[in-house]
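For reference, the structure discussed in these notes is given below.
Residue numbers (the working numbering), protein chains in the order written: chain A, 1 to 388; chain B, 1 to 283.
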């Protein structure tokens with residue numbers, strides 16, 4: 001295992017408690033849009049962070065290489081890059097590699113090198129029946145756990161995570177994000193309160209093309225982590241949010257559960273409420289809570305989970321962290337604060353505060369018939385904010 | 001006013017004289033327009049305070065996008081009131097610790113509006129987020145739309161200082177949790193002509209004072225174990241009528257519409273005991 005003493009707090013606590021700003025936007029027609037609005041929005045919530053972490057996930061940003069896995073990796077030393085590149089050459093076909101362009105800023109102190117590699121795993125060397133996704137997952141875990149000072153920011157196709165220590169708007173400037181386009185963007189401004197901020201500890205957290213930005217604290221981190229370790233997910237970033245990324249990967253990709261069910265596992269109703277439900281619903285929640293009880297996320301959280309084709313805004317069941325959703329035409333927004341949405345979209349078809357524990361799901365329109373733009377159960381109690 | 005407070009006020013006015021020397025003095029009737037776009041909340045609130053020290057009493061804030069603590073560091077009495085109109089979306093903690101001014105929001109408010117507010121009035125033409133009126137100790141809040149989770153928790157009252165919240169729409173869970181005083185009236189979309197909605201759980205959990213008046217049925221499983229449910233008394237109904245009248249006035253509704261409100265449709269939720277945990281931790 002790596003020595004994390006340099007990047008962790010002196011007490012070696014295993015999680016970070018944070019109070020942050022999150023913002024997500026998706027064009028449900030799949031049109032690639034500029035990141036200027038999301039940078040403006042997250043800058044408007046500057047007050048929520050403290051400059052110890054900011055980051056963005058962009059989907060659809062590498063349209064020239066849509067079928068390659070894009071590994072975005074940070075290196076603290078030149079040696080670590082050489083070592084990692086040797087590892088990559090051994091296990092991947094590297095189609096293209098480059099240093100991610102940056103614009104040096106005074107605000108960004110002592111940045112690591114961040115490179116991206118467009119790769120395919122060497123499947124011909126695998127002596128077992130295994131999917132490409134699983135091979136990539138395994139290799140990423142290996143880099144994160146065994147290679148010195150190298151951490152994989154993201155490993156999905158046609159997407160990337162850009163993050164670091166600084167306010168999110170500074171990170172956006174540093175990575176020149178106004179030059180990228182994507183159909184889903186998520187962003188995070190961090191306020192770590194328990195351990196120091198470090199580049200790998202910034203959000204979004206990612207596994208393949210799943211990303212998570214998170215405001216809150218996962219009190220159940222220990223239980224969740226132990227459960228995930230049984231499925232070979234090894235937590236290396238030493239923050240609570242990491243477990244959400246792995247849990248989504250396990251439940252949605254490996255176990256093939258619909259995202260609504262994944263969110264029901266994360267924040268199921270309390271037993272008392274389940275007792276009052278009809279027989280079908282009762283059976284459903286009983287089943288989820290007994291099978292995946294260890295993946296119930298306890299504690300306050302508001303998260304935006306994304307992967308290709310879907311963006312999900314979700315909170316804990318009693319909404320201990322804020323979340324506001326808005327729609328204008330094809331654009332769906334999710335934000336910690338309503339003001340940030342209003343700043344980037346002067347007119348809105350609808351703005352509302354989702355009920356705690358009930359996700360807002362934005363999906364890519366497949367055709368006119370399957371125009372599932374926003375799912376999630378809207379309860380009568382949903383706080384609908386009047387649009388203009 | 002106690003002598004200490006009077007001394008403080010005199011000291012304050014002396015300070016004001018020093019600060020305003022040689023600067024323009026505003027007339028209290030003048031509406032001062034401030035475009036707040038891109039202005040940090042510290043600068044904005046400092047500016048409002050400085051203008052108020054120079055006599056300004058009426059402010060119109062335009063293009064507000066999330067500036068926090070609006071109305072916090074001001075003062076005001078019945079005869080000398082500071083009024084603030086907010087266009088846009090004010091930030092969290094609007095009117096936090098507020099002591100006198102009147103704020104009117106033409107839009108939605110975010111979280112923690114009226115946090116520990118002491119005196120004054122907040123009128124919100126849209127909806128409000130979570131934790132509205134947290135620890136409120138006096139003053140009035142009127143919300144035309146809906147409110148989020150944990151509204152009115154830890155509200156308290158003392159003698160003639162009875163904080164009051166009137167909500168036109170609906171509420172979410174943990175409404176009036178640990179409430180120790182004050183009153184909240186929920187109209188459940190009466191003025192929109194809607195039937196009341198049954199919703200929200202853990203209402204009044206840990207409540208040991210104050211009253212919640214809800215239009216419509218509330219089931220026993222929706223309320224905390226410490227909460228009793230009854231019909232409002234004659235005296236309480238008079239209070240409800242008074243504040244619904246204020247609500248109509250605030251939002252330009254005809255007062256005769258309020259006459260259609262039926263007392264028997266209301267439930268009063270109040271503490272069964274003033275010390276629900278008296279024997280909980282110590283014997």
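Just so it is clear, CB atoms sit at the ideal spot from N, CA and C, and this is done for glycine as well. Being a predicted model, the structure only gives us computed values, none of them experimental.
Item                                                                                                                : Value
Simplified DSSP state of residue 323 of chain A, which is helix, strand or coil                                     : coil
Contiguous beta strand (DSSP E) assignments of at least 3 residues, all confined to the region 55–124 of chain A    : 69–75, 92–99, 113–121
Residue 374 of chain A in three-state terms, based on DSSP                                                          : Residue confidence is low: residue 374 of chain A scores 42 on pLDDT, short of 50, so the model does not pin down where it sits. Its coordinate-derived value is still stated next. Three-state result, residue 374 of chain A: strand.
Proximity test, Cβ basis, 8 Å: residue 27 of chain A and chain B                                                    : no
DSSP-derived helix/strand/coil call for residue 199 of chain B                                                      : coil
Residue 101 of chain B (DSSP reduced to helix, strand or coil)                                                      : strand
Distance CB(residue 48 of chain A)-CB(residue 29 of chain A) smaller than 8 Å                                       : no
Residue 183 of chain B beta carbon less than 8 Å from that of residue 162 of chain B                                : yes
Alpha carbon of residue 226 of chain A to alpha carbon of residue 173 of chain B, nearest angstrom                  : 32 Å
Residue 215 of chain B - partner residues in DSSP beta bridges                                                      : B:266
Status (buried if at least 16 other CB within 10 Å, exposed otherwise) for residue 188 of chain A                   : buried
Residue 204 of chain B: contacting residues in chain A (beta-carbon distance under 8 Å)                             : Within chain A, no residue comes near residue 204 of chain B; the closest Cβ sits about 15 Å away, beyond 8 Å.
Per-residue contacts from residue 221 of chain B into chain A (C-beta, under 8 Å)                                   : 272, 276
Expected contact under 8 Å - CB spacing of residue 71 of chain B and residue 95 of chain B to nearest Å             : 5 Å
Chain A within 8 Å of residue 174 of chain B, Cβ atoms only                                                         : yes
Proximal residues to residue 68 of chain B (C-beta, below 7 Å), its chain only, five neighbours per side dropped    : 41, 91, 92, 93
Simplified DSSP assignment, three categories, for residue 40 of chain A                                             : helix
CB contact below 8 Å: residue 304 of chain A versus chain B                                                         : no
Where residue 168 of chain A falls: helix, strand or coil (DSSP)                                                    : helix
Residue-chain proximity (residue 340 of chain A, chain B), Cβ-Cβ < 8 Å                                              : yes
Burial state of residue 277 of chain B, where buried means 16 or more other Cβ atoms lie within 10 Å                : exposed
Distance between residue 209 of chain A and residue 120 of chain A (C-alpha atoms, nearest Å)                       : 15 Å
Neighbour list for residue 193 of chain B in chain A, Cβ cutoff strictly below 8 Å                                  : Here the premise fails: no neighbours, minimum Cβ distance about 16 Å.
Contacting residues, own chain, Cβ-Cβ under 7 Å from residue 3 of chain A (five flanking each side not counted)     : Reliability of the predicted coordinates at residue 3 of chain A is poor, the pLDDT of 47 falling under 50, and the value obtained from them is presented with this limitation in mind. Within the same chain, residue 3 of chain A has no close Cβ partners at all.
Coil, strand or helix - residue 273 of chain B by DSSP                                                              : coil
Contacting residues, own chain, Cβ-Cβ under 7 Å from residue 157 of chain A (five flanking each side not counted)   : 66, 67, 68, 69, 70, 209
Pair within 8 Å by beta-carbon distance, residue 215 of chain B and residue 188 of chain B                          : yes
Cβ neighbour criterion (16 or more within 10 Å) applied to residue 57 of chain A                                    : buried
Reference residue 264 of chain A; option with closest CA among A:241, A:279, A:290                                  : A:290
DSSP-derived helix/strand/coil call for residue 80 of chain B                                                       : coil
Assumed close pair residue 400 of chain A, residue 181 of chain A - CB separation to whole angstroms, cut-off 8 Å   : Limits of chain A in this structure are 1 at one end and 388 at the other, which puts residue 400 of chain A out of reach.
For residue 24 of chain A, three-class secondary structure by DSSP                                                  : strand
Check: residue 347 of chain A C-beta below 7 Å from any heavy atom of the ligand ADP                                : This structure simply doesn't include the ligand ADP, nor any ligand for that matter.
Secondary structure, alpha helix (DSSP H): runs of 4+ residues fully inside the region 258–304 of chain A           : 259–266, 271–275, 279–291
Range covered by the beta strand (DSSP E) that runs through residue 222 of chain A                                  : No beta strand (DSSP E) holds residue 222 of chain A; the alpha helix (DSSP H) holding it covers 221–229.
Counted within 10 angstroms of its Cβ, other Cβ atoms place residue 36 of chain B as buried (16 or more) or exposed : buried
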